[in-house]
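S.K.:
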Amino acid sequence: MRALRRLPIRFRLAVISAGLTFVILLLFAVVVGKFSADQVRSSFDDDLRRTASDLEQRLPLAPGGVTQFFSDESVEAASSGGAVVRVVALDGRSVPVGPQAPEIGPPQLGTVDHGHFRVVTRVLRDNGEPVGFLQYAKPRDHIDGTLGRIRVLLGLGVGGGALLAFLAGLALARRAMAPITSLTHAAQEIERTRDLSVELPKPEADDEVADLARTLDGMLRALDSSRRETEGALARQRQFVADASHELRTPLTSILANLELLEVSLHGEDAETAGAALRSSRRMRRLVGDLLLLARADAGREGIRERVSLTEVAREAAGEAAPVAADHDLVLDLPQQGPVIEGVSDDLHRLTLNLIENALVHTPPGTRVTVRVGEAAGSAVLEVEDAGPGIPPEARERIFDRFVRGNGETGGGSGLGLAIVRAVAERHGGAVEVGAGLVGGARFTVRLPVAGAEKPPPPDPAQRVAGFTPRPRRAAPSDAA
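Rendered as structure tokens:
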């Protein structure tokens, strides 16, 4: 039964149908076989008795008993096919009648079996007095052959009927399961396209499958409505964040300007207080800029795309991060003629700067941070590798989520740096991944499609000092008023 439960439903239905048909046909075959066997045996015995009676009438009797040999056409016909005709006197003497034949036993009234013969015995009478016995026997091979053929035919009928029942049950089950198959295909199409507005097929019959189709259709309509409501709420939330971030930039810029002037004009503790407020305002401006960038990425809005040298982007980002990298060994491994990509320059700058600052913040002082740019398999590759403690494998997937720190836990800082990296990479048709570095730290790899245009001329080597020369800081989207 366990093996039967593992079969598909249509095969189970076909097997059950074939099994029931087999049982019914088998019972029918047993009854018919027994009835046919009785009929064959009865017919065989009747034939024996009729032939014996005919022979009894034709056998001549000598005075005082049966003492002479007798043979005519009727005896020869009766003896054909291996049959035996034998006359036994009352004193037990056997008188041959017809051809010699095997022993068929002593006379016994009625019809009996002897060996492989079926024997019938008749009493011979002369003037009403018994003078001997007539034995007529035929091999039972005739019966066995006939019964064997009957059994073969019944067996073929039972097996053939069960096979036909299996095939018919399989066809009917497949046809009955066709509406469910259509529902399955429709569900697979919905899973592939994620389109909940697809209309499910409705069976013609108003049965349980139709109830299932109506239930699933109602569920899809409810899920579609819920998804639309959720998407609307998320769209309004993203729009609110984008609008709020955009509106906050102007007052933050004004606050920063006033605090910078105030810090210059104050002295002592007042200047320190103004400086602390200025640093907090800058962090707030950075957070507002991050939120605005993510909101624009969620809304599918971006700046003007242009051809950008990834080498130049990495060099400028490293130059901007140089002031906070004084206690680290920041190394640039940049080609003179790096790959060119088509994208938003400010967003790519933010991506690279976030990766460098992430490496500087989460590694001990004195460790090395390496920035590499290259090209592999038709893609521009940016790598930022550090020699810090690394990132556990179980946390590598979560660190790109929003408001998650580098150790994979929420809280502490804004937690938006790596989320911005992934958002910018995906908006440019690329991807970012994290793995273990060559010296045991973390290595972030960004792959971006290369633009189909000639690369810009390499930078002037005279501008490179110790691997890079810090350039004036490029204004990020959050810096604009």
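Here the working numbering = 1-based position in the sequence shown + 28. Note that the Cβ used here is the ideal one computed from N, Cα and C, for glycine as well.
What are the start and end residues of each continuous beta strand (DSSP E) run of 3 or more residues lying completely inside the stretch 148-236, in chain order?
M.R.: Complete beta strand (DSSP E) runs here, min 3: 157-167.
S.K.: Go ahead and label Glu-340 buried or exposed: buried means 16 or more other beta carbons lie within 10 angstroms of its beta carbon, across all protein chains shown.
M.R.: On the sequence shown, position 312 is the one that residue 340 refers to. Looking at its Cβ environment, which holds 16 or more other Cβ atoms inside 10 Å, Glu-340 is buried.
S.K.: Report the rounded CA-to-CA distance for Glu-482 versus Val-368, giving the unit in angstroms.
M.R.: In the sequence shown, residue 482 corresponds to position 454, counting from 1. In the sequence shown, residue 368 corresponds to position 340, counting from 1. Residue confidence is low: Glu-482 scores 44 on pLDDT, short of 50, so the model does not pin down where it sits. Its coordinate-derived value is still stated next. Whole-angstrom Cα-Cα distance: 8 angstroms.
S.K.: What three-state label does DSSP hand Ala-134 in the structure shown?
M.R.: In the sequence shown, residue 134 corresponds to position 106, counting from 1. The question names Ala, but residue 134 is Pro in the sequence shown. Looking at Pro-134 - three-state DSSP - the assignment turns out to be coil, as it is neither helix nor strand.
S.K.: Under the rule that 16 or more other beta-carbon atoms within 10 Å means buried, what is Phe-63, buried or exposed?
M.R.: By 1-based counting over the sequence shown, the position of residue 63 is 35. When all chains shown are included, Phe-63 counts as exposed.
S.K.: Return yes when the Cβ of Leu-284 is within less than 7 angstroms of the Cβ of Ala-302, no when it is not.
M.R.: As a position in the sequence shown, residue 302 is number 274, starting the count at 1. As a position in the sequence shown, residue 284 is number 256, starting the count at 1. Result no, Cβ atoms of Ala-302 and Leu-284 do not sit closer than 7 angstroms.
S.K.: Whole angstroms are fine: how far does the CA of Ala-214 sit from the CA of Arg-264?
M.R.: Within the sequence shown, numbered from 1, the residue matching residue 264 stands at position 236. Within the sequence shown, numbered from 1, the residue matching residue 214 stands at position 186. If you take the alpha carbons of Arg-264 and Ala-214, they lie about 32 angstroms apart.
S.K.: Taking the Cβ atom as the reference point for each residue, do Val-372 and Ala-387 lie within a distance shorter than 7 angstroms?
M.R.: Here residue 372 corresponds to residue number 344 of the sequence shown, with the count starting at 1. Here residue 387 corresponds to residue number 359 of the sequence shown, with the count starting at 1. No, Cβ-Cβ distance for Val-372 and Ala-387 is not below 7 angstroms.
S.K.: Just how far apart, CA to CA, sit Leu-466 and Asn-286?
M.R.: Residue mapping note: residue 466 aligns to position 438 of the sequence shown, counting from 1. Residue mapping note: residue 286 aligns to position 258 of the sequence shown, counting from 1. Approximately 47 angstroms, taken between the alpha carbons.
S.K.: Look up Asp-429 in the DSSP assignment and say whether it is helix, strand or coil.
M.R.: Position 401 of the sequence shown, counted from the start, is the residue given in the question as residue 429. The answer is coil: DSSP assigns Asp-429 none of H, G, I, E or B.
S.K.: Within this structure, are the beta carbons of Ala-80 and Val-148 separated by less than 7 angstroms?
M.R.: Counted from its first residue, the sequence shown places residue 80 at position 52. Counted from its first residue, the sequence shown places residue 148 at position 120. Cβ distance < 7 angstroms, so Ala-80 and Val-148 count as in contact.
S.K.: Give the single residue among Leu-248, Ala-354, Gln-136, Asp-429 whose Cα lies nearest to the Cα of Val-449.
M.R.: Counted from its first residue, the sequence shown places residue 449 at position 421. The shortest Cα separation from Val-449 among Leu-248, Ala-354, Gln-136, Asp-429 belongs to Asp-429.
S.K.: Can you list, in chain order, the residues of its chain with a C-beta nearer than 6 angstroms to that of Ser-45? Leave out the 5 residues immediately preceding and following it.
M.R.: As a first step, residue 45 must be located in the sequence shown, where it is residue number 17. These residues qualify, in order along the chain: Ala-193, Gly-197.
S.K.: If you run the structure through DSSP and keep just helix, strand and coil, what is Leu-338?
M.R.: To locate residue 338, count along the sequence shown from 1; it is residue 310. The answer is helix: DSSP assigns Leu-338 an H, G or I state.
S.K.: Below 8 angstroms on the Cβ atoms is my contact criterion, and I expect Ile-419 with Ala-453 to pass it. Report the Cβ-Cβ distance as a whole number of Å.
M.R.: Within the sequence shown, the letter at position 391 stands for residue 419. Within the sequence shown, the letter at position 425 stands for residue 453. The Cβ separation is near 17 angstroms, so there is no contact.
S.K.: Unbroken beta strand (DSSP E) runs of length 3 or more, entirely within the stretch 330-394: which are they?
M.R.: For the stretch 330-394, whole beta strand (DSSP E) runs of length 3 or above, ordered along the chain, are 334-337, 357-361, 368-371.
S.K.: Do the stretch 108-123 and the stretch 160-175 make contact, defined as three or more Cβ pairs closer than 8 angstroms?
M.R.: At 8 angstroms Cβ cutoff, the stretches touch.
S.K.: Using a 10 Å radius around the Cβ and a threshold of 16 neighbouring Cβ atoms, would you call Ile-332 buried or exposed?
M.R.: Numbered from its first residue, the sequence shown carries residue 332 at position 304. Label assigned to Ile-332: exposed.
S.K.: Pro-229 and Val-237: beta carbons closer than 7 angstroms?
M.R.: As a first step, residue 229 is located in the sequence shown; it is residue number 201 there, counting from the start. As a first step, residue 237 is located in the sequence shown; it is residue number 209 there, counting from the start. No, they are not a contact pair.
S.K.: When burial is assigned at 16 or more other CB atoms within 10 Å of the CB, is Ile-132 buried or exposed?
M.R.: Numbered from its first residue, the sequence shown carries residue 132 at position 104. Buried, since its Cβ has 16 or more Cβ neighbours within 10 Å.
S.K.: Ser-225 and Asp-252 look like a contact to me (Cβ under 8 angstroms); what is the Cβ gap, rounded to whole Å?
M.R.: Translated into positions along the sequence shown, residue 225 becomes position 197. Translated into positions along the sequence shown, residue 252 becomes position 224. Confirmed, Cβ separation roughly 6 angstroms.
S.K.: Which same chain residues, not among the five before or five after Glu-403, have their C-beta less than 6 angstroms away from its C-beta?
M.R.: Within the sequence shown, residue 403 is the residue found at index 375, counting from 1. These residues qualify, in order along the chain: Pro-367.
S.K.: Find the nearest neighbour of Asp-374 within the set Ala-342, Glu-461, Arg-220, Gly-457, judged by alpha-carbon distance.
M.R.: To locate residue 374, count along the sequence shown from 1; it is residue 346. Among Ala-342, Glu-461, Arg-220, Gly-457, the Cα nearest to that of Asp-374 is on Ala-342.
S.K.: Whose C-beta lies closer than 6 angstroms to the C-beta of Arg-77 among residues of the same chain, with five residues either side of it excluded?
M.R.: One-based indexing of the sequence shown puts residue 77 at position 49. So the list reads Val-148, once near-sequence residues are dropped.
S.K.: Quick one: grab the DSSP three-state call for Leu-294.
M.R.: Here residue 294 is taken as the residue at index 266 of the sequence shown, counted from 1. The answer is coil: DSSP assigns Leu-294 none of H, G, I, E or B.
S.K.: So, Ala-201 versus Ala-42, is the Cβ gap smaller than 7 angstroms?
M.R.: On the sequence shown, residue 201 is found 173 positions in, with the first residue counted as 1. On the sequence shown, residue 42 is found 14 positions in, with the first residue counted as 1. In this structure, Ala-42 lies closer than 7 angstroms to Ala-201 by Cβ.
S.K.: Taking the CB atoms as reference points, tell me whether Val-409 and Leu-376 lie closer together than 7 angstroms.
M.R.: One-based indexing of the sequence shown puts residue 409 at position 381. One-based indexing of the sequence shown puts residue 376 at position 348. The answer is no: Cβ separation not under 7 angstroms.
S.K.: Among residues of its own chain, excluding the 5 on either side of Leu-195, which ones have a beta-carbon nearer than 6 angstroms to its beta-carbon?
M.R.: The residue labelled residue 195 in the question sits at position 167 within the sequence shown. Nothing meets the Cβ criterion.
S.K.: Shortest alpha-carbon distance to Thr-278 belongs to which of Ala-305, Ser-293, Gly-317?
M.R.: Taking the sequence shown and counting its residues from 1, the one referred to as residue 278 is at position 250. Thr-278 has its Cα closest to that of Gly-317, out of Ala-305, Ser-293, Gly-317.
S.K.: Considering only their Cβ atoms, is the gap separating Arg-400 from Glu-411 smaller than 7 angstroms?
M.R.: The residue given as residue 411 occupies position 383 in the sequence shown. The residue given as residue 400 occupies position 372 in the sequence shown. Cβ distance < 7 angstroms, so Glu-411 and Arg-400 count as in contact.
S.K.: Please state the DSSP three-state secondary structure of Gly-463.
M.R.: The residue given as residue 463 occupies position 435 in the sequence shown. Strand at Gly-463.
S.K.: Please determine, among Leu-379, Ser-254, Gly-416, Leu-338, the residue with the shortest C-alpha to C-alpha distance to Gln-365.
M.R.: Numbered from 1 along the sequence shown, position 337 holds the residue referred to as residue 365. Considering only alpha carbons, the answer is Leu-338.
S.K.: Give the C-beta separation of Leu-322 and Ala-451 to the nearest angstrom, bearing in mind that I take them to be a contact with Cβ-Cβ under 8 angstroms.
M.R.: As a working mapping, residue 322 is identified with position 294 in the sequence shown. As a working mapping, residue 451 is identified with position 423 in the sequence shown. Between Ala-451 and Leu-322 the Cβ distance is about 6 angstroms, and since that is below 8 angstroms, they are a contact.
S.K.: Where does Ile-37 land, buried or exposed, given buried means 16+ other C-beta within 10 angstroms?
M.R.: Locating residue 37 in the sequence shown gives position 9, where the first residue counts as 1. Exposed, by the Cβ-count rule.
S.K.: If you draw a straight line from the alpha carbon of Glu-319 to that of Arg-307, how long is it in whole angstroms?
M.R.: The residue given as residue 319 occupies position 291 in the sequence shown. The residue given as residue 307 occupies position 279 in the sequence shown. A small correction: the amino acid at residue 319 is Leu; Glu does not occupy that position in the sequence shown. Answer to the nearest angstrom: the Cα atoms are 18 angstroms apart.
S.K.: Roughly how many whole angstroms lie between the Cα atoms of Gly-440 and Phe-431?
M.R.: Numbered from 1 along the sequence shown, position 412 holds the residue referred to as residue 440. Numbered from 1 along the sequence shown, position 403 holds the residue referred to as residue 431. In this predicted model, Gly-440 has a pLDDT of only 44, less than 50, meaning its place in the structure is not dependable; the value taken from the coordinates is given anyway. Whole-angstrom Cα-Cα distance: 8 angstroms.
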